[in-house]
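One structure is given below, encoded as structure tokens.
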Amino acid sequence: MEAQIVKPTQATTRFQDFWGVFRKNYMGLVGLMMLVSAILVAIFAPVLSPYDPSSTFDVTTSDIYNPPSSTHWLGTDDAGQDVLTNFIFGARVSLTIGFFAAFISLAIGGVFGIIAGFYGGRTEEVLMRFTDIMLVIPDLPLMMVLIALTKPSIINIIIVIGALYWTTTARVVRSQTLAVKSRKFVLRARAIGAGKGHIIRHHILPLVLPILVVQAVLVVSSAVLAESTLSFLGLGDPTALSWGQMLNYAFGRGAMSTGAWWALVVPGFGIVWVVLGLTLLGQGLEQVLNPRLDTHHLMPSRPPVKSEAAKRSDEETLLEVKNLSINYVNDGHAPARAVENISFTLKKGELIGLVGESGCGKTTLMLGLLRLLPSAGQIVNGQVYFKDQELTALSETELNKVRWRGVSIVFQGAMNALNPVRTVGDQIAEAIIQHLPDFDSKNIPGRVTDLLELVGIAAEHKDQYPHQYSGGMRQRAMIAMALACNPEVVIADEPTTALDVMIQAQILELLDELRKKLGLAIVFVTHDLGVVAEMCDKVLVMYGGVTAEYAEVDTIYNMPRHPYTQELLKAFPDLTKPKKKLSSIPGYPPRLDALPSGCRFAPRCPAAFDRCRTEQPALHELAGDTHIVSCHLVEASK
Amino acid sequence: MKRWRYLLNKISWALFTIIFVIILNFFLFRILPGDPARAGVRDPRLTKENIEAIRVRYGLDKPIVNCFESLNPIKLGSCTVNPLDTQFFIYMGNLLQGDMMISFHTNRPVTEILSERLGNTILLIGAGQILAIIFGVLFGMFSAWKARTAIDYGSLTISLVAWSLPTFWLGVILLFWGSNHGMPIAGMSTPGMSSYPLLSQWGDIAKHMLLPTLTYTIVYMGEYMLIMRSSLLDVLSEDYILTAKAKGLSVFQILKDHAITNAMLPLVTIIAINLGFTVGGVIQIETVFSWPGLGMTTVEALNRRDFPVLQGAFLLIAVAVILSNLLADLAYSYLDPRVKTE
Amino acid sequence: MSQENILEVRGLKKYFEAGRPSLFSRNVPQVHAVDGVNLDLRKSEVIALVGESGCGKSTLSLLLMGLEDPTEGRITFEGRDITHLTDTQRKGLRRKIQMVFQDPYESLNPTQTIEEIVAEPLYVHKLDVSKNIVDEKVKKAMEDAGLKPAEVYLKRHPHELSGGQRQRVVIASALVLEPEIILADEPVSMLDVSIRAEIINLLAELRITRQIAVIFITHDLGSVGFFADRVAVMYLGRIVEIGTMLDVLEKPQHPYTKALLSVIPVPNPRLRHERIILQGETPNPINLPTGCRFHPRCPVAIPACKASDPALMQISKTQQAACILLVK
């Protein structure tokens, strides 16, 4: 959602953008350098090589397979020729064949892929079926047969490799074309009346091109390998001494038995150099053009920083968060302060709403409670008490006993929070087996059925997979799973986002019912002020990682003191006042890596004054300690 | 229901592809000027009578198909001949009976030669593939789990290098090394071993297999490792892994119960798609180590222009790859519930 | 036809085939995405089209744009039948009806600059070849869409802008053709609450400054207040209730509209009220229920609902609803 702000950067071209990232990718850079060096060697072969390859200088038997020496740095081969010279000129043959063959195959594959992907229907079916057939026919035997049946010459080899190596390109390009075609901007182009030619040229090609470049790099390496293999098997052009051909002669003419390792190692080294260079370049390009996250959920998390324990406000509370701060460690930069100094309490049966826009830190806070943060996240201050346990001080093993048993989480089930290859019932049972070892295993299926019925899912759906559920059912299943071990606290993370209004109402009703029936305490994380007003007892409004306002629900909606809360309420449509004009808050929420120096809301605040821009306001307590506001205006009025 | 439709679809597709390959195979070898028998004329072991006998037996004097005397489109033939009396249908008929002509070189039936060699190739591919998958998956798993650590970068580098090695060259280097360290350098058994007890015969074969299998394993392990790594990295960043972690499962449990099956799915597909390339690798390895399998047979037949053997070997290899692909598809339908249920 | 209607839709239907014919049966099940919609749009009017996912509101918008071909029915624009036009015939028309999409992150081509995006419609329609006039029109459209000053944005790429700004770019590229109708498909649902209002207010302004009629498609009945003149509620491919904004929000007639209204959260805990929560989910549009298509979920259904399929009937001068309980 809304997270970025306009970067004060100069306008850049796509290539400059690309290069800016690529130059930091060592893998790609090394690959590029390896490739460029090989190409330079090929271009300047006559300058670089110590001998002229075409001269048949006097060769005597004593010249055959001479080891490396000062006259022949890399020794001589089976014909008494200089290996270094042949190696340098071999680069020309190998690279020429590689590049030309790759060009042919890219042209075929690219055209096939784009046509199939863009036009779809019959055309696609015929083209892709043909591609599939070509893909399963083993390529090397077919190449061998084709070349054996024609004549081994450079041209034939180029044509044969080019004609057989387009299948992967066609598949990759087709799926990229399909992906691009289904994107909304293509629909938008159609809506403004653009024709097919215009759409392919301006919208499909520019987005398929990067994939085609990566594919080109990989195809060149396959083609170089294919040529060397064919030559090694004796199907190369006998008049052009490629690296594969050199190996063929050496292997077939006694290099092995005479121990002439140089004749075997040197040409092979050339092939590996070029292919490895291309592979690294391809991997590097792939990483740049298609960046993936650096982290995953099983990376070791950073241990919480021990801080002096603050006094608990009330021993009765089920969950108490005290001055919790969470940073994202950012290599080489100052850490991003995602959550700062957050405190709240939760009693049995209570429902607290954690509200804020995207990027306000509410999800980080929620994950921090059970220490499920991504590996860059670290609790740098504060405590989380669950009953008498302090969660930030527990070991992973001890914490695993609290997770789900004491505090469970309802993730956005409509998304991908359920494992697609295991049945829903199985995933619920797993939690029971994990946390309730005394539970009689015979009764588990019954318990799972009970749980599903509790959330309104008929028992017959127990053994179905998540993809057989609708979005609303998945959310219900997620709730059933969260209740499996009778937890005392349930954290609900945007449980109704992405659901239809009616399904959303059903889920909210269900949560409210369960809370009353089971006496659950619920932390409800959401961006929707309306939902919070309908259900919650207390509300914590977050902005830019800090508490803006924390109070009873009625106070928040009817006596808000923080300008952010006030403005946010004005931006929220209210059906009871249909004629009221909505107002928006100018500007955008701050990015965590570029927080403003004073109050984080100051740049968008209609009431900001000088102090707001330099000094972060403290948490001021109003009405005893039931209403907390972080604003200089409140301090002034106190 | 959906599963059956899926299987039926895959099986009929495999059959269609096999028929396509058979037809391709038939016409490919008739692009040559003349006919296959005449192309083998250069072989001194074939007498004129032999050639004539082959021509008659395999109907090489008949038109190729109706209306076409040969593949030369200008020289059309009669369309009224009995379709069963054309080269194409005689070829198909013979094929159905398992008859794939006679080797020009050895004068033995091609079917007999190929069936002798097939087992050796399966032995080599089987051993190599299993090892490559085991090590590839293991290294890939560790690499993904320990992403962005020295373990990860180390195994990534090794895999990329292994992936870039030309198979035949790696074989040559290993062979060179092996021959200096007392390893057997050719074939799959030492001559005269047949008089020894069975156990030592097997030991001998295993010793011969060591280097070819090692070559195979190194080359394909790199690729499987890369795929497993990237696939597991994707899976481990999925939301359901976070759910599993929140459920209080240990890292080991999460990997075992939630990550590995999902990460294996793309690998199965890639292994299937790669079978065609794998065959290419086996041909190289068999040639380098003189392993008497289909690959070496193909290369030998190629060098001797022994077209019946070449044609047969090509067909057998292609059909084997298509069938293995089918097997992989079936395996996939067992692993992924989204295929078998509505 | 009435003089003031610029767009008229009569009996519009769109059926999709669900799957392909198999070996065993020729009859392909049909998805009744849009199933008989009538709608009039007056000049510079704002109609909100409200419904849950699967109600056919997005298909309806594609039909109006001519991006899908209707199965049945008629669409008239300024008195001209535009139901089935070839691409060339439609080209001139495209200028008159423009669309704003839901997801501003997806509806801009990441490789184009903002200038290229906004100018693209002009080049596609070969309207103004002169660079000066193009520049001027692009600037005007961008500033009308609230991207001021335009020079700051021209050379940027979409990824450098925030969601709200991107949505403004989409609107600018629609405005550059000087359309008479803008079809806005959930234009704010992907944006943060604090900036939704600015996009809605922008659309509201345009109808005044440029006399543009707006069809505002949304799932959120709560967001249509203030801005819409009329509201149409859709359920399973049909309009079940239509009326002025105050008609629909303050005295809804159809039980579905009542239920939808009751579940919209009110941002005030003092006004918590009884909600009518419909059970189950919208049935799939392949096997439609008999009779009134809402009856299986209707809290006030009577046996007769199973048998007869009610048509829209006049409730007041400005309001229509389709429910047999309203027959007096």
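Protein sequences appear in the order of chains A, B and C.
Basically the numbering used here = 1-based index in the first sequence + 17.
Basically the numbering used here = 1-based index in the second sequence + 977.
Basically the numbering used here = 1-based index in the third sequence + 2.
Cβ coordinates follow ideal geometry from the N, Cα and C atoms, glycine included.
For clarity, every value in this text was computed on a predicted model and none was experimentally measured.
Exercise. Would a check of beta-carbon distances place F1116 of chain B closer than 8 angstroms to chain A?
Worked result: No - not a single Cβ of chain A is within 8 angstroms of the one on F1116 of chain B.
Problem set entry | DSSP-derived helix/strand/coil call for F35 of chain A | Residue state, collapsed to three classes: helix.
For this session: Please check if any C-beta of chain B sits within less than 8 angstroms of the C-beta of P158 of chain A.
Result: For P158 of chain A, a Cβ of chain B is located within less than 8 angstroms of the residue's own Cβ.
Exercise. To which residues does DSSP link G567 of chain A through a beta bridge?
Worked result: Residue 567 of chain A is actually Tyr in this sequence, not Gly. Paired residue(s): A:L557 and A:I645.
Exercise. Does the Cβ of E325 of chain A have 16 or more other Cβ atoms within 10 Å, making it buried, or fewer, making it exposed?
Worked result: Per the 10 Å Cβ criterion, exposed.
Exercise. So which of B:D1038, B:L1001, B:L1213 and B:Q1106 has the shortest CA-CA distance to G1258 of chain B?
Worked result: The shortest CA-to-CA distance from G1258 of chain B to any of B:D1038, B:L1001, B:L1213 and B:Q1106 is the one to B:Q1106.
Exercise. Taking 8 angstroms as the CB-CB cut-off, is V542 of chain A touching chain C?
Worked result: By this cut-off, V542 of chain A is not an interface position.
Problem set entry | DSSP three-state assignment for K168 of chain A, whether helix, strand or coil | Note: K168 of chain A maps to coil in three-state DSSP.
Exercise. Between K59 of chain C and chain A, is there a C-beta pair that is closer than 8 angstroms?
Worked result: Residue-level contact by beta carbon fails for K59 of chain C and chain A, as no gap is shorter than 8 angstroms.
Problem set entry | Nearest neighbour of E54 of chain C, chosen from C:P287, C:A324 and C:E108 [CA to CA] | Of the candidates C:P287, C:A324 and C:E108, the one whose C-alpha sits nearest the C-alpha of E54 of chain C is C:P287.
Exercise. Who are the neighbours of V1228 of chain B on chain A, taking C-beta pairs under 8 angstroms?
Worked result: Ordered by position in chain A, the residues that pass the 8 angstroms Cβ test against V1228 of chain B are L315.
Exercise. In chain order, what residues of the segment 435-466 of chain A put their CB closer than 9 angstroms to some CB of chain B?
Worked result: Listed by position, the residues of the segment 435-466 of chain A near chain B (Cβ gap below 9 angstroms) are L435, N436, P437, V438, R439, T440, Q444, E447, A448, Q451 and H452.
For this session: Please go through the same chain and pick out, in chain order, the residues whose beta-carbon is closer than 8 angstroms to the beta-carbon of V120 of chain C, but skip the five residues on each side of it.
Result: V140, A143, M144, V171, A174, S175 and V178, listed in sequence order.
Exercise. From this set, A:R493, A:C377 and A:S239, which residue's C-alpha is nearest P606 of chain A's C-alpha?
Worked result: Taking only the C-alpha atoms, the option nearest P606 of chain A is A:C377.
For this session: Report yes if the C-beta distance between G294 of chain A and L57 of chain A is below 8 angstroms; otherwise report no.
Result: Cβ distance not < 8 angstroms, so G294 of chain A and L57 of chain A don't count as in contact.
Exercise. What residues match up with I77 of chain C in a beta bridge as DSSP calls it?
Worked result: I77 of chain C is bridged to C:V11.
Exercise. Hey, is L264 of chain A's beta-carbon within less than 8 angstroms of any beta-carbon in chain B?
Worked result: Judged by the 8 angstroms Cβ criterion, L264 of chain A is in contact with chain B.
For this session: To the nearest angstrom, report how far apart I1128 of chain B and R1206 of chain B are at their CA atoms.
Result: Their backbone Cα atoms lie some 12 angstroms apart in a straight line.
Exercise. Any beta-carbon of chain F closer than 8 angstroms to the one on L599 of chain A?
Worked result: You won't find chain F in this structure, because its protein chains are A, B and C.
Exercise. What beta strand (DSSP E) runs, 3 residues minimum, are completely inside the segment 571-648 of chain A?
Worked result: Those beta strand (DSSP E) runs which fall completely within the segment 571-648 of chain A and span 3+ residues are 637-639 and 644-646.
Exercise. Which of the three DSSP states, helix, strand or coil, is assigned to M1165 of chain B?
Worked result: Correct three-state label for M1165 of chain B: coil.
Exercise. Is V237 of chain A closer than 8 angstroms to L306 of chain A when the C-beta atoms are compared?
Worked result: No, the Cβ-Cβ distance between L306 of chain A and V237 of chain A is not below 8 angstroms.
Exercise. Is the segment 266-285 of chain C touching the segment 42-52 of chain C, taking contact as three or more C-beta pairs under 8 angstroms?
Worked result: Counting C-beta pairs closer than 8 angstroms gives fewer than three between the segment 266-285 of chain C and the segment 42-52 of chain C, which falls short of the contact rule.
Problem set entry | Nearest-angstrom Cα separation, counted from F456 of chain A out to I450 of chain A | When rounded, the distance between both Cα atoms is 7 angstroms.
Problem set entry | Check: A446 of chain A C-beta below 7 angstroms from any heavy atom of the ligand NAD | The model on display carries no ligand, and the ligand NAD is accordingly not part of it.
Problem set entry | Close beta carbons around G1011 of chain B, own chain, < 7 angstroms, minus the five adjacent residues each side | Annotation note: pLDDT 46 at G1011 of chain B (below 50); position unreliable, coordinate value reported separately. Within the same chain, G1011 of chain B has no close Cβ partners at all.
Exercise. Apart from the five residues just before and just after D42 of chain C, which ones in its own chain have a Cβ nearer than 8 angstroms to its Cβ?
Worked result: Result list for D42 of chain C: S4, N7, L9, E10 and V11, in chain order.
Exercise. Closest Cβ-Cβ distance between K587 of chain A and chain B: below 8 angstroms?
Worked result: Not one chain B Cβ lies under 8 angstroms of K587 of chain A.
Exercise. Between which two residues does the beta strand (DSSP E) containing H332 of chain C stretch?
Worked result: Residue 332 of chain C is absent from the structure shown; chain C starts at 3 and stops at 330.
For this session: Put A509 of chain A into one of helix, strand or coil per three-state DSSP.
Result: Reduced to three states, the DSSP call for A509 of chain A is strand.
For this session: Determine the extent of the alpha helix (DSSP H) in which S248 of chain A is found, giving its start and end residues.
Result: Taken as a continuous stretch (DSSP letters only), the alpha helix (DSSP H) holding S248 of chain A covers L222 to F249.
Exercise. If you check the beta carbons only, do M50 of chain A and Q300 of chain A fall under 8 angstroms apart?
Worked result: Going by C-beta atoms, M50 of chain A is not nearer than 8 angstroms to Q300 of chain A.
Exercise. Is the beta carbon of Y82 of chain A sitting closer than 8 angstroms to the one on A280 of chain A?
Worked result: Y82 of chain A is a Cβ neighbour of A280 of chain A, given a cutoff of 8 angstroms.
Exercise. If you check the beta carbons only, do G656 of chain A and L235 of chain A fall under 8 angstroms apart?
Worked result: Since the first residue shown for chain A is 18 and the last is 655, residue 656 of chain A is missing from the structure and cannot be characterised.
For this session: Leaving out five residues on either side along the sequence, give the residues of the same chain with a beta carbon under 8 angstroms from the beta carbon of A203 of chain A.
Result: The question names Ala, yet the displayed sequence has Val at residue 203 of chain A. Taking C-beta separations shorter than 8 angstroms and ignoring five residues to either side along the sequence, the partners of V203 of chain A in its chain run V197, I216, H220 and I221, following chain order.
Exercise. CB R309 of chain A to CB L1210 of chain B, shorter than 8 angstroms?
Worked result: Judged by beta-carbon spacing, L1210 of chain B lies within the 8 angstroms limit of R309 of chain A, meaning their Cβ atoms are closer than that value.
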